[in-house]
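Undergrad:
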Amino acid sequence: MLSISGLRSAHGGPFDLELGRGECATVVGPSGVGKSLFLRLVADLDPGSGSVQLDHRLRESWPPVAWRRQVVYQAAEPAWWHPTVQPHFPADSMECVRASLAPLHLPTAVLDAEVTRLSTGERQRLALLRSLSRAPVVLLLDEPTASLDEASTLAVEALLQDRVRGGLSIVWVTHSTEQAARVSHRRYGMTREGLRSL
Amino acid sequence: MAAALVLASAAASVLLHLDLHRQVLWAATRMVVQLLLVGLLLRFVFKAASPAVTLAIVVLMIGAAAREVAVRPTRRLRSAGNHRISIAVVGISSVATVALALMTAIRPDPWYDPRYAIPLMGIVLGSVLNSASLGLDGFLEGVVIRRPAIEAQLALGASIHEALGELLRSSIRRAMIPIVNQMSAAGIITLPGIMTGQLLAGMDPIEAVKYQILLLFLLTGAGGLAAAGAVYLAARAITDERQRLRLDRLATASTRSGRR
Numbered sequence: 000m001l002s003i004s005g006l007r008s009a010h011g012g013p014f015d016l017e018l019g020r021g022e023c024a025t026v027v028g029p030s031g032v033g034k035s036l037f038l039r040l041v042a043d044l045d046p047g048s049g050s051v052q053l054d055h056r057l058r059e060s061w062p063p064v065a066w067r068r069q070v071v072y073q074a075a076e077p078a079w080w081h082p083t084v085q086p087h088f089p090a091d092s093m094e095c096v097r098a099s100l101a102p103l104h105l106p107t108a109v110l111d112a113e114v115t116r117l118s119t120g121e122r123q124r125l126a127l128l129r130s131l132s133r134a135p136v137v138l139l140l141d142e143p144t145a146s147l148d149e150a151s152t153l154a155v156e157a158l159l160q161d162r163v164r165g166g167l168s169i170v171w172v173t174h175s176t177e178q179a180a181r182v183s184h185r186r187y188g189m190t191r192e193g194l195r196s197l
Numbered sequence: 000m001a002a003a004l005v006l007a008s009a010a011a012s013v014l015l016h017l018d019l020h021r022q023v024l025w026a027a028t029r030m031v032v033q034l035l036l037v038g039l040l041l042r043f044v045f046k047a048a049s050p051a052v053t054l055a056i057v058v059l060m061i062g063a064a065a066r067e068v069a070v071r072p073t074r075r076l077r078s079a080g081n082h083r084i085s086i087a088v089v090g091i092s093s094v095a096t097v098a099l100a101l102m103t104a105i106r107p108d109p110w111y112d113p114r115y116a117i118p119l120m121g122i123v124l125g126s127v128l129n130s131a132s133l134g135l136d137g138f139l140e141g142v143v144i145r146r147p148a149i150e151a152q153l154a155l156g157a158s159i160h161e162a163l164g165e166l167l168r169s170s171i172r173r174a175m176i177p178i179v180n181q182m183s184a185a186g187i188i189t190l191p192g193i194m195t196g197q198l199l200a201g202m203d204p205i206e207a208v209k210y211q212i213l214l215l216f217l218l219t220g221a222g223g224l225a226a227a228g229a230v231y232l233a234a235r236a237i238t239d240e241r242q243r244l245r246l247d248r249l250a251t252a253s254t255r256s257g258r259r
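From first to last, the protein sequence lines stand for chains A and B. Per numbering that gives the first Met the number 0, the first sequence starts with residue 0, numbered consecutively. Per numbering that gives the first Met the number 0, the second sequence starts with residue 0, numbered consecutively.
(1) Taking the C-alpha atoms as reference points, what is the distance between A/Glu22 and A/Leu167?
(2) Let me see if you follow: with CB-CB separation under 8 angstroms, is B/Leu167 close to chain A or not?
(3) Hey, out of B/Leu4, B/Leu249, B/Ala221, B/Asn129, whose CA is closest to B/Leu119's CA?
(4) Comparing alpha-carbon positions, which option in B/Ile237, B/Asp112, B/Val123 lies nearest B/Leu54?
(5) Rounded to whole angstroms, what is the Cα-Cα separation between B/Tyr231 and B/Leu167?
(6) Would B/Leu163 and B/Ile149 qualify as a contact pair, given that the criterion is a beta-carbon distance under 8 angstroms?
(7) In three-state terms, what does DSSP make of B/Glu161?
(8) Would you kindly work out how many angstroms separate the C-alpha atoms of A/Trp171 and B/Ala236, rounded to a whole number?
(9) Mark B/Ile205 as exposed unless 16 or more other C-beta atoms lie within 10 angstroms of its C-beta, in which case mark it buried.
(10) Where DSSP assigns a beta bridge to A/Phe14, which residues make up the other side?
(11) Spell out whether any CB of chain B is found under 8 angstroms from the CB atom of A/Pro77.
(12) Any chance the segment 185-194 of chain A sits against the segment 26-37 of chain A, with 3 or more Cβ pairs inside 8 angstroms?
(13) Could one say the Cβ of B/Ser158 lies closer than 8 angstroms to chain A's Cβ atoms, at least one of them?
(14) Could you give the DSSP three-state label for B/Gln242: helix, strand or coil?
(15) Is B/Glu150 close to chain A? Criterion is C-beta to C-beta, closer than 8 angstroms.
(16) I'd like the list of long-range same chain contacts for A/Arg181, defined as Cβ closer than 7 angstroms, with 5 residues on each side in sequence excluded.
(17) For chain A, find out if any of its Cβ atoms is closer than 8 angstroms to the Cβ of B/Gly257; answer yes or no.
(18) Would a C-beta distance cut-off of 8 angstroms place B/Ala234 and B/Val88 closer than the cut-off?
(19) Determine the chain A residues that contact B/Ala154 at a beta-carbon separation under 8 angstroms, and present them in chain order.
(20) Helix, strand or coil for A/Asp111 per DSSP?
(21) For A/Leu194, report the span of its beta strand (DSSP E) as first-last.
(22) Indicate whether at least one CB of chain B lies closer than 8 angstroms to the CB of A/Trp171.
(23) Determine the closest residue to B/Gly62 out of B/Thr73, B/Arg83, B/Val44, with distance taken between C-alpha atoms.
(24) When the Cβ atoms of the segment 110-129 of chain A are set against those of the segment 44-52 of chain A, are three or more pairs found closer than 8 angstroms?
(25) Tell me whether the segment 95-109 of chain A and the segment 137-146 of chain A touch, counting them as touching only if at least three CB pairs, one residue from each stretch, are closer than 8 angstroms.
(26) Quick one: Cα of A/Ser151 to Cα of B/Ala225, how far?
(27) Since B/Gly125 is in the alpha helix (DSSP H), which residue starts that stretch and which ends it?
(28) At a Cβ threshold of 8 angstroms, is B/Arg243 touching chain A?
(29) Reducing DSSP to helix, strand and coil, say where A/Leu44 ends up.
(30) Which residues in the same chain have their Cβ closer than 7 angstroms to the Cβ of A/Ser2, if we skip the five residues on either side of it in sequence?
(31) Using the beta-carbon of each residue, which ones in chain A are nearer than 8 angstroms to B/Pro147?
(32) Does A/Ser2 get closer than 8 angstroms to chain B when you measure Cβ to Cβ?
(33) Would A/Val137 pass as an interface residue toward chain B - the criterion being a Cβ-Cβ separation below 8 angstroms?
(34) Mind checking if A/Arg133 is an interface residue toward chain B, Cβ cutoff 8 angstroms exclusive?
(35) Following the continuous alpha helix (DSSP H) through A/Leu128, name the residue where it begins and the one where it ends.
(36) Show which residues of chain B have a CB atom less than 8 angstroms away from the CB atom of A/Val64.
Here it is as structure tokens:
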């Protein structure tokens with residue numbers, strides 16, 4: 000359902016990737032090779048050339064806001080624009096968000112906390128819930144467990160695998176080949192020459 | 000007598016080893032020469048009462064103000080973007096405000112009488128220059144600092160207007176602070192310069208106050224227009240048709256110096 004062909008910018012590419020509904024594709028590669036650039040290009044945050052299609056419909060035919068509501072991107076260091084946590088979530092998603100806190104080892108009170116008082120790991124897990132609260136069709140994750148301990152990492156993986164079984168598609172950038180082996184339906188490796196299926 | 004006060008300041012600098020006396024004396028000399036030249040020029044312009052000469056002076060004033068607005072911000076848009084924005088904003092806000100004042104409130108005959116048009120344009124440009132500079136500088140600096148938060152919102156499906164909203168509002172608010180302060184202080188903390196001059200010339204205080212109120216309203220209107228115009232045009236310049244943030248349209252230090 001997500002089909003990427005010849006995607007490139009002045010700073011990297013070309014990238015090709017195929018992803019079905021309810022699948023997880025991992026992308027591994029050394030630092031600085033262009034993994035984040037690739038995700039930003041798919042999310043249409045940076046200009047580039049090439050073809051990106053969702054359900055056989057070209058990205059350019061989607062209004063940009065509509066595209067990014069379907070294809071949500073989460074950066075490796077998620078940013079926050081309000082002093083407290085709760086305003087970052089849509090009001091109609093709060094019930095689902097509260098239900099997801101415990102599986103990620105987060106206390107309920109975290110929703111009323113000031114963002115600056117949270118640990119890096121807490122912010123990273125909350126950012127994931129923030130991305131999921133938009134109910135995307137495709138989720139682009141840039142190292143979503145980089146700041147987490149082993150228990151939290153496995154909790155995040157379990158949550159995401161559950162969502163994948165429910166139909167969510169994920170492109171997951173990770174530096175961990177072990178994690179890629181645990182969560183992938185498809186595996187890709189990125190080098191300076193581009194993206195290739197493993 | 001007044002010159003003696005400047006000389007006294009210079010003497011104090013020598014006595015206290017402040018090393019400011021040369022700057023004080025040079026600045027005072029420049030000021031006298033510049034103002035005398037301006038006075039001679041204005042005498043000629045007022046005598047000529049020519050719409051072409053008045054227009055030429057006004058265009059020069061707007062051009063000088065626009066240049067100051069363009070070069071003041073720390074961040075610059077590529078391809079003279081700051082200059083394009085400043086010319087549009089400074090030109091439209093100042094001409095619209097002054098023309099409105101001349102044709103409705105002041106109504107000299109002819110309406111473009113340089114004795115009214117040029118001083119009014121000068122005062123309005125002062126306010127426009129401050130507001131537009133602060134707005135442009137605040138927005139361009141803010142968009143770089145807040146880039147991660149802005150793009151985080153875009154990446155979650157927010158529109159560019161939603162993602163930039165808080166920065167737009169804070170930039171315009173910041174640009175309006177000087178004029179709001181000026182209005183708040185007028186009459187209680189300070190007597191504005193124009194009003195002071197009119198009182199010294201013997202005008203009735205109530206008449207002087209009426210002109211001052213009109214001027215402050217004009218300055219507020221022009222300043223607000225300039226601030227909002229500069230910020231919104233900068234926002235358009237820094238985004239594209241796919242609602243992406245395009246910080247590559249900001250000049251880097253090497254491109255500003257012409258190096259590759």
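From the three backbone atoms N, C-alpha and C, an ideal C-beta is built for every residue, glycine too. Given the structure is predicted, the values throughout are model-derived calculations rather than measurements.
TA: In this structure, then:
(1) By one-based count along the first sequence, residue 22 of chain A stands at place 23. By one-based count along the first sequence, residue 167 of chain A stands at place 168. Straight-line Cα distance between these residues: approximately 7 angstroms.
(2) Start at 1 with the first residue of the second sequence, and residue 167 of chain B comes out as number 168. No, B/Leu167 does not count as interfacial toward chain A.
(3) Counting from 1 along the second sequence, the entry for residue 119 of chain B is found at position 120. The option with the nearest alpha carbon to B/Leu119 is B/Ala221.
(4) In the second sequence, counting from the first residue as 1, residue 54 of chain B sits at position 55. Selected option, being the one with the closest Cα: B/Asp112.
(5) Your numbering for residue 231 of chain B matches position 232 in the second sequence. Your numbering for residue 167 of chain B matches position 168 in the second sequence. Near 7 angstroms, if we compare the C-alpha coordinates of B/Leu167 and B/Tyr231.
(6) Walking along the second sequence from the start, residue 163 of chain B turns up at place 164. Walking along the second sequence from the start, residue 149 of chain B turns up at place 150. In this structure, B/Ile149 lies closer than 8 angstroms to B/Leu163 by Cβ.
(7) Along the second sequence, one-based indexing puts residue 161 of chain B at 162. Here B/Glu161 sits in helix by DSSP.
(8) Along the first sequence, one-based indexing puts residue 171 of chain A at 172. Along the second sequence, one-based indexing puts residue 236 of chain B at 237. Cα to Cα, A/Trp171 sits roughly 33 angstroms from B/Ala236.
(9) For this step, residue 205 of chain B is matched to residue 206 along the second sequence. Per the 10 Å Cβ criterion, exposed.
(10) Numbered from its first residue, the first sequence carries residue 14 of chain A at position 15. Paired residue(s): A/Leu6.
(11) Translated into positions along the first sequence, residue 77 of chain A becomes position 78. Answer yes: the Cβ-Cβ gap between A/Pro77 and chain B drops below 8 angstroms somewhere.
(12) yes
(13) Residue numbering aside, residue 158 of chain B sits at position 159 when the second sequence is read from its first letter. Yes - at least one Cβ of chain A is within 8 angstroms of the one on B/Ser158.
(14) As a position in the second sequence, residue 242 of chain B is number 243, starting the count at 1. Of the three classes helix, strand and coil, the one that applies to B/Gln242 here is coil, per DSSP.
(15) The count along the second sequence starts at 1 and reaches residue 150 of chain B at position 151. Yes - at least one Cβ of chain A is within 8 angstroms of the one on B/Glu150.
(16) Taking the first sequence and counting its residues from 1, the one referred to as residue 181 of chain A is at position 182. Glu156, listed in sequence order.
(17) The residue labelled residue 257 of chain B in the question sits at position 258 within the second sequence. Here the model assigns B/Gly257 a pLDDT of 48, short of 50, so the residue's position is not dependable and the matter cannot be decided.
(18) As a working note, residue 234 of chain B is residue 235 in the second sequence. As a working note, residue 88 of chain B is residue 89 in the second sequence. Cβ atoms of B/Ala234 and B/Val88: not closer than 8 angstroms.
(19) The residue given as residue 154 of chain B occupies position 155 in the second sequence. Those within 8 angstroms of B/Ala154 in chain A are Ala42, Leu44, Arg67, Val71, Tyr72, Gln73, Ala74.
(20) By 1-based counting over the first sequence, the position of residue 111 of chain A is 112. In the structure shown, A/Asp111 sits in a helix (DSSP, three-state: H, G or I).
(21) Against the first sequence, residue 194 of chain A aligns to sequence position 195. 193-196 is the extent of the beta strand (DSSP E) around A/Leu194.
(22) The sequence position of residue 171 of chain A within the first sequence is 172, counting from 1. Judged by the 8 angstroms Cβ criterion, A/Trp171 is not in contact with chain B.
(23) Stepping through the second sequence from its first residue, residue 62 of chain B is reached at position 63. The shortest Cα separation from B/Gly62 among B/Thr73, B/Arg83, B/Val44 belongs to B/Arg83.
(24) no
(25) no
(26) The residue labelled residue 151 of chain A in the question sits at position 152 within the first sequence. The residue labelled residue 225 of chain B in the question sits at position 226 within the second sequence. Cα to Cα, A/Ser151 sits roughly 51 angstroms from B/Ala225.
(27) By 1-based counting over the second sequence, the position of residue 125 of chain B is 126. Unbroken alpha helix (DSSP H) run through B/Gly125: 113-144.
(28) Numbered from its first residue, the second sequence carries residue 243 of chain B at position 244. Chain A, which has a Cβ nearer than 8 angstroms to the Cβ of B/Arg243, makes this yes.
(29) Counting from 1 along the first sequence, the entry for residue 44 of chain A is found at position 45. Three-state result, A/Leu44: coil.
(30) In the first sequence, the residue the question calls residue 2 of chain A occupies position 3. Result list for A/Ser2: Glu17, Gln52, in chain order.
(31) Residue 147 of chain B sits at position 148 when you count from the first residue of the second sequence. Correct list: Ala74, Glu76, Ala78.
(32) Taking the first sequence and counting its residues from 1, the one referred to as residue 2 of chain A is at position 3. Chain B contact via Cβ: absent.
(33) Taking the first sequence and counting its residues from 1, one reaches residue 137 of chain A at position 138. Output row for A/Val137: interface = no.
(34) Counted from its first residue, the first sequence places residue 133 of chain A at position 134. Taking Cβ atoms only, chain B reaches closer than 8 angstroms to A/Arg133, which makes this a yes.
(35) Numbered from 1 along the first sequence, position 129 holds the residue referred to as residue 128 of chain A. 119-131 is the span of the alpha helix (DSSP H), which, as asked, contains A/Leu128.
(36) The residue you call residue 64 of chain A lines up with position 65 of the first sequence. Correct list: Gly156, Ala157, Ser158, Gln242.
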